[in-house]
Each structure stands twice: as structure tokens, then as C-alpha cells.
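*Asks:* Below: one structure in C-alpha cells.
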Amino acid sequence: MVLNKRPLKKLFFTLFYIPCFSFFSAQISDTMKISRKEAETIFLAKNLDLIAQNLEISQAEARAVQAKYWPNPTLSISEVNLWRTYDIEEQPALIRNWGKSTQISAEIEQVIQTAGKRRKNIELQKIEVEGEKYELQEVLRELKKTLRNTITEILYNQEQQKIYQGQIASIEKLTKSYNNQLNLGNISKAEYVRLKAQEIEFKKKLVSLKQEIEDQQVELKALLMLPSQTYLEISDPLVMPEKQLSELEVNQWMEKAKENRPDIMISKNKEKHAAKNLEIQNAMKTPDVAVSIGYDRGGNIMKDFIGLGVSMDLPIFDRNKGNIQEAKLEIEKSKLETRKNMMKSDNEIVSVFRNYIRTQQVSQEIDENYESTLDGLLVSHEKNFRLRNISMLEYMDFLDTYIGNKMIILDTKKELNQYYENLQYVVGQDL
Numbered sequence: 127m128v129l130n131k132r133p134l135k136k137l138f139f140t141l142f143y144i145p146c147f148s149f150f151s152a153q154i155s156d157t158m159k160i161s162r163k164e165a166e167t168i169f170l171a172k173n174l175d176l177i178a179q180n181l182e183i184s185q186a187e188a189r190a191v192q193a194k195y196w197p198n199p200t201l202s203i204s205e206v207n208l209w210r211t212y213d214i215e216e217q218p219a220l221i222r223n224w225g226k227s228t229q230i231s232a233e234i235e236q237v238i239q240t241a242g243k244r245r246k247n248i249e250l251q252k253i254e255v256e257g258e259k260y261e262l263q264e265v266l267r268e269l270k271k272t273l274r275n276t277i278t279e280i281l282y283n284q285e286q287q288k289i290y291q292g293q294i295a296s297i298e299k300l301t302k303s304y305n306n307q308l309n310l311g312n313i314s315k316a317e318y319v320r321l322k323a324q325e326i327e328f329k330k331k332l333v334s335l336k337q338e339i340e341d342q343q344v345e346l347k348a349l350l351m352l353p354s355q356t357y358l359e360i361s362d363p364l365v366m367p368e369k370q371l372s373e374l375e376v377n378q379w380m381e382k383a384k385e386n387r388p389d390i391m392i393s394k395n396k397e398k399h400a401a402k403n404l405e406i407q408n409a410m411k412t413p414d415v416a417v418s419i420g421y422d423r424g425g426n427i428m429k430d431f432i433g434l435g436v437s438m439d440l441p442i443f444d445r446n447k448g449n450i451q452e453a454k455l456e457i458e459k460s461k462l463e464t465r466k467n468m469m470k471s472d473n474e475i476v477s478v479f480r481n482y483i484r485t486q487q488v489s490q491e492i493d494e495n496y497e498s499t500l501d502g503l504l505v506s507h508e509k510n511f512r513l514r515n516i517s518m519l520e521y522m523d524f525l526d527t528y529i530g531n532k533m534i535i536l537d538t539k540k541e542l543n544q545y546y547e548n549l550q551y552v553v554g555q556d557l
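Residue numbering for the sequence shown follows the numbering used here, starting at 127 and increasing by one per position.
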């Protein structure tokens, strides 16, 4: 029987690559075991996106403080002569003998905001502070979902690793035994190659799993702000969600979402912001008043004149109609956005719950002892195969069935966890 050389080259490359990959991974990584709860604690304390969003709140609070201050008064000094003219009426000296021929004018002016503009602007800034807090909740909601689903994906791949590592350890023993039998001439080379090919396939799958986990490690370490050399191992097992969900709760979740979902609260906050902005734009129709007090030396029939003044714009041409109309349209737009987000929330809750129930029905078909039964049957088939009580075809067929069923169980656990987390995400709070 003539064997193709290219598969053999691939075989030697894979056998060389896998141990090297494991060696270098061990050298550059610092393994850190962590539970889901510990991961969330680190995330809440260290995540830079959350820290940055908290700074946004502080900035909004600073703007609210700034809005409370009155405009500064304006001081004007003018009509100061640097020399005397040929015909001048002398004044009393200002300092000793200086100032007899000096003219000067000074004025202090204070702008007074009318129609409650200052108060309304303070209220607007407070609404913006609320908005930034809702933005923080939205960022937290998004990142929590990403964090929890990433942990679930890592757990899922860790469990797959265990399955393939167990199969590799078992099949390596069988391959070694078959190689000895081949050298003794008791079996054909085709049987040995078939078994060796299965071993290589498992090892290649294991490498792919490690690469997937590495990608997930990058995302998780970024969320937790951990050093690049850290290798995270999730200590929790991959299990079904404990909480039992009922269709009777769907309407309650819809109502809770309207009160708790940050994207809906942001929309409602925009409505309040738009309404307050309309109040401000209406107030802008009323011009502000500037009051002043002035002093004039030598520029009037009175030698030391002190006078009061008032000034204001005349609202003849500009009555702020365009900005008022824009503010009214913004209110309508924000109401539509709130309505859209509420409908989106209802649809998402129903859809995610249905997906959860469908997956749960599959999980209920799996007997509690089914997984341990599978493991026992695998041990039995391996033993019978070594004793040559069953053929390689029967053994390989059961091996495919075993791994396929293990994957179904893992897929079900992963999907249930993800749908449960998605349900918490669309409701806007932990259930």
C-alpha cells in the first residue's frame, strides 16, 4: 500500500508544533484562576470605560455648578487724557498737585438675566447630569453582557479542552499499542494510520480551541485591565442557570424594562432636556437687562458726575422664533425615540425568552445521568477495542457519537447561559 507523503509531512509538523506551542505558552504566561464573581468585582473596580464614564458625570456636575454663577460685572475706564490742551478748565487735584488737568470716566455694568434664564439653565444642567448617569448605566449594561458572555465562552472552550485532552491521552495509548502490533505484523498499516489520523485530528482541534481561548483571553483581560502575560482560567464549572423562568413573568419584565433599561431612561432624559430647552428658548425672547453706574470727571457740566444707566436689546427683528421651532421639533423627535425604544424592548424580551425556553426544552430531554452513562460507555468501548472485541469502525463510530453528544450538552449549557444573560440585558437588571 503506497501512502501519500504530504499527509505524513503534515503529521510530523503537527506533532512538532503542538508540544512547542504548549512549551512557549507555559513560559510566557502567568496562570490566574478566577471565578465569575471575582471577575465582576475586578471589572467594576478597574475597567477604564467605566472610569472614563464616571469622569463624564463629574464634568457634567462641574457644568451644573458653573451654571449657578452670575455673569461677572464689566468695568470700563475711558476718556483719560495724557496731556492738557491749551484751553482747559482746571479741576481739584487728585493726588497732591497731580490731576488738575486730568479727565477720566469709569463705569461698572452688570447684566441681569430675565425671564428665569439662569434658573432654567441650572435645571438644564441638572438634567444633563442625570443623562450622564444613565449613560454610565448603559455602558455598564453593555460591558457586563460582554464580560459574562466572554466568561461563558471561555468556560465552554475549557470544557471542550478537557474532552479532547482526555481523548488524546486515551488514543495515544491505543496508537502506541497499535504501532507495536504493526511492528510485530499483527495488524495492517492502514489500521494504524487510521488511528493515528484520528489522534492528529484531535490534537489539531485542541490547538484550535487554545487559539480561540487566546482570542477570548485578550477581550477578557482588556475588560479587567490585567497584564498581557496573565493567563486566566475560570474556576467555575459550566452549569445550567439555577433560576426558573416563567412566561407569567414576561409582562413584569416589560414593565421593569420601561423603568430600568438605561437606553429607555436616556430617551426619557432627552425628552426632559428638550422640554427644558424649549423653556429656555422661549425665555430668550425676553432681552436681558444691563444696569450700570458711571463716574465722569471733567467731561460734563458737573465736575464729578455720578450717574445710573440701564440698557437692553429691543426685540423688534429677532424674537428667537427659529430656535423655538427647533426646540419644539426636538421634543417630538425625543418622544418618538422613547416610543421606539420601548417597542424594541418589548420585542427583545419576548424573543430572548422564547429562545431560552426552546433551549431549555432541549436540556430537559437530557437525563441527569446521561453524561456519566456516556463516559462509562466510552471506557467500555475503549476496553473492548483494545481486546479486539469490537472493530475499529465500531469504535470510531462510537467515538464520533460520544463527542457529538458531549458537544450537544455543552452547547445547551452555553446557550442557556447566554440567553439568560441576554434576558437580563434586555430587561435592564439582574433577574
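Just so it is clear, CB atoms sit at the ideal spot from N, CA and C, and this is done for glycine as well.
None of these values were measured; they are calculated from a predicted model.
Check for me: the beta strand (DSSP E) holding Ser489 runs from which residue to which?
*Replies:* Here the question's residue 489 lines up with position 363 in the sequence shown. Premise fails: Ser489 lies in the alpha helix (DSSP H), Lys447 to Gln490, not in any beta strand (DSSP E).
*Asks:* Taking Cβ to Cβ, would you say Ala232 is nearer than 9 Å to Tyr421?
*Replies:* Translated into positions along the sequence shown, residue 232 becomes position 106. Translated into positions along the sequence shown, residue 421 becomes position 295. The answer is yes: Cβ separation under 9 Å.
*Asks:* Classify Arg423: buried if its beta carbon has 16 or more other beta carbons within 10 angstroms, exposed otherwise.
*Replies:* Taking the first residue of the sequence shown as position 1, residue 423 is located at position 297. Result: buried.
*Asks:* Under a Cβ-count criterion, where at least 16 other Cβ atoms within 10 Å of its own Cβ denotes burial, should Thr572 be classed as buried or exposed?
*Replies:* Given a span of 127 to 557 for the chain in the structure shown, any question on residue 572 remains unanswerable.
*Asks:* Classify Asp430 as helix, strand or coil using the three-state DSSP reduction.
*Replies:* On the sequence shown, position 304 is the one that residue 430 refers to. Asp430 falls in the strand class under three-state DSSP.
*Asks:* So what does DSSP say about Tyr551, is it helix, strand or coil?
*Replies:* Here residue 551 is taken as the residue at index 425 of the sequence shown, counted from 1. Tyr551 falls in the helix class under three-state DSSP.
*Asks:* Please classify Gln192 as buried or exposed, where buried requires at least 16 other C-beta atoms within 10 Å of its C-beta.
*Replies:* For the purposes of this step, residue 192 is identified with residue 66 of the sequence shown, where counting begins at 1. Flag for Gln192 reads exposed.
*Asks:* Ordered along the chain, which non-local residues of its own chain (more than five positions away) have a Cβ less than 7 Å from that of Val559?
*Replies:* Nothing can be reported for residue 559: it is not among the residues displayed for the chain, which extend from 127 to 557.
*Asks:* Three-state secondary structure (DSSP) at Gly435?
*Replies:* As a position in the sequence shown, residue 435 is number 309, starting the count at 1. Reduced to three states, the DSSP call for Gly435 is strand.
*Asks:* With 16 other CB atoms within 10 Å as the buried threshold, where does Met391 fall?
*Replies:* On the sequence shown, position 265 is the one that residue 391 refers to. When all chains shown are included, Met391 counts as buried.
*Asks:* Report, in whole angstroms, the separation of the C-beta atoms of Lys159 and Glu359, which I expect to be a contact under 8 Å.
*Replies:* Counting from 1 along the sequence shown, the entry for residue 159 is found at position 33. Counting from 1 along the sequence shown, the entry for residue 359 is found at position 233. Lys159 to Glu359, Cβ: 5 Å. Contact.
*Asks:* Considering Ile238, what are the terminal residues of the beta strand (DSSP E) in which it resides?
*Replies:* Walking along the sequence shown from the start, residue 238 turns up at place 112. Secondary structure note for Ile238: its beta strand (DSSP E) is the uninterrupted segment Ile230 to Ile238.
*Asks:* Hey, would you say the C-beta of Leu434 is under 8 Å away from at least one heavy atom of the ligand FAD?
*Replies:* Of the ligands one can find in the structure shown there are none, so the ligand FAD has no counterpart to examine.
*Asks:* Evaluate Lys561 with the Cβ neighbour count: other Cβ atoms within 10 Å of its Cβ, from every protein chain shown; 16 or more gives buried, anything less gives exposed.
*Replies:* Any answer about residue 561 is impossible in this case: the structure gives the chain only from 127 up to 557.
*Asks:* If you check the beta carbons only, do Leu346 and Thr276 fall under 9 Å apart?
*Replies:* Here the question's residue 346 lines up with position 220 in the sequence shown. Here the question's residue 276 lines up with position 150 in the sequence shown. For Leu346 and Thr276, yes; Cβs fall inside 9 Å.
*Asks:* In the DSSP assignment, find the unbroken alpha helix (DSSP H) run with Ala171 in it and report its ends.
*Replies:* As a first step, residue 171 is located in the sequence shown; it is residue number 45 there, counting from the start. Looking at the DSSP string, the run of the alpha helix (DSSP H) that includes Ala171 is Arg162 to Lys172.
*Asks:* Among all the DSSP beta bridges, which residues are the ones paired with Tyr421?
*Replies:* Your numbering for residue 421 matches position 295 in the sequence shown. Its beta-bridge partners are Ala232 and Ile432.
*Asks:* Along the chain, where does the alpha helix (DSSP H) containing Tyr260 start, and where does it finish?
*Replies:* Taking the sequence shown and counting its residues from 1, one reaches residue 260 at position 134. Residues Lys243 to Asn309.
*Asks:* Since Thr93 and Glu541 are thought to touch, with beta carbons under 8 Å apart, how far apart are those beta carbons, to the nearest angstrom?
*Replies:* Since the first residue shown for the chain is 127 and the last is 557, residue 93 is missing from the structure and cannot be characterised.
*Asks:* Between which two residues does the alpha helix (DSSP H) harbouring Leu220 extend?
*Replies:* The sequence position of residue 220 within the sequence shown is 94, counting from 1. Taken as a continuous stretch (DSSP letters only), Leu220 belongs to no alpha helix (DSSP H), as it is neither H nor E.
*Asks:* Let me know the secondary structure DSSP gives Leu156 once reduced to three states.
*Replies:* Start at 1 with the first residue of the sequence shown, and residue 156 comes out as number 30. In the sequence as displayed, the identity of residue 156 is Asp instead of Leu. Asp156: strand per DSSP, three-state reduction.
*Asks:* What does Leu500 pair with, by DSSP beta-bridge criteria?
*Replies:* Indexing the sequence shown from 1 puts residue 500 at position 374. Under DSSP, no beta-bridge partner is assigned to Leu500.
*Asks:* Give the C-beta separation of Leu349 and Asn173 to the nearest angstrom, bearing in mind that I take them to be a contact with Cβ-Cβ under 8 Å.
*Replies:* The residue you call residue 349 lines up with position 223 of the sequence shown. The residue you call residue 173 lines up with position 47 of the sequence shown. About 6 Å separates the two Cβ atoms, so the contact holds.
*Asks:* Would you report the Cα separation of Leu440 and Met410, rounded to the nearest angstrom?
*Replies:* Within the sequence shown, the letter at position 314 stands for residue 440. Within the sequence shown, the letter at position 284 stands for residue 410. The straight-line gap from Cα to Cα measures roughly 12 Å.
*Asks:* With a 10 Å radius around its C-beta and 16 neighbouring C-beta atoms as the bar for buried, classify Phe443 as buried or exposed.
*Replies:* Position 317 of the sequence shown, counting from 1, holds the residue named residue 443. Exposed: under 16 other Cβ atoms inside 10 Å.
*Asks:* Name the DSSP bridge partner or partners of Leu201?
*Replies:* Residue 201 sits at position 75 when you count from the first residue of the sequence shown. Per DSSP, Ile234.
*Asks:* Is Val417 near Gln179, with beta carbons less than 9 Å apart?
*Replies:* One-based indexing of the sequence shown puts residue 417 at position 291. One-based indexing of the sequence shown puts residue 179 at position 53. Against a cut-off of 9 Å, the Cβ pair of Gln179 and Val417 comes out as no contact.
*Asks:* Is it true that the CB of Asp414 sits closer than 9 Å to the CB of Thr211?
*Replies:* Counting from 1 along the sequence shown, the entry for residue 211 is found at position 85. Counting from 1 along the sequence shown, the entry for residue 414 is found at position 288. Against a cut-off of 9 Å, the Cβ pair of Asp414 and Thr211 comes out as no contact.
*Asks:* If you follow the alpha helix (DSSP H) that Ile392 is part of, which residue opens it and which one closes it?
*Replies:* Against the sequence shown, residue 392 aligns to sequence position 266. Element bounds for Ile392: Pro388 to Ala409.
*Asks:* Could you give the DSSP three-state label for Leu350: helix, strand or coil?
*Replies:* Translated into the one-based positions of the sequence shown, residue 350 becomes position 224. It is helical.
*Asks:* Evaluate Gln337 with the Cβ neighbour count: other Cβ atoms within 10 Å of its Cβ, from every protein chain shown; 16 or more gives buried, anything less gives exposed.
*Replies:* Taking the sequence shown and counting its residues from 1, one reaches residue 337 at position 211. Answer is exposed; the Cβ neighbour count stays below 16.
*Asks:* Please report how far the alpha carbon of Gln370 lies from the alpha carbon of Tyr290, in whole angstroms.
*Replies:* Reading the sequence shown from its first residue, position 244 is the one you call residue 370. Reading the sequence shown from its first residue, position 164 is the one you call residue 290. Taking the straight line from one Cα to the other gives about 32 Å.
*Asks:* Provide the residue span of the beta strand (DSSP E) that contains Ile360, from first to last.
*Replies:* Along the sequence shown, one-based indexing puts residue 360 at 234. Taken as a continuous stretch (DSSP letters only), the beta strand (DSSP E) holding Ile360 covers Thr356 to Ile360.
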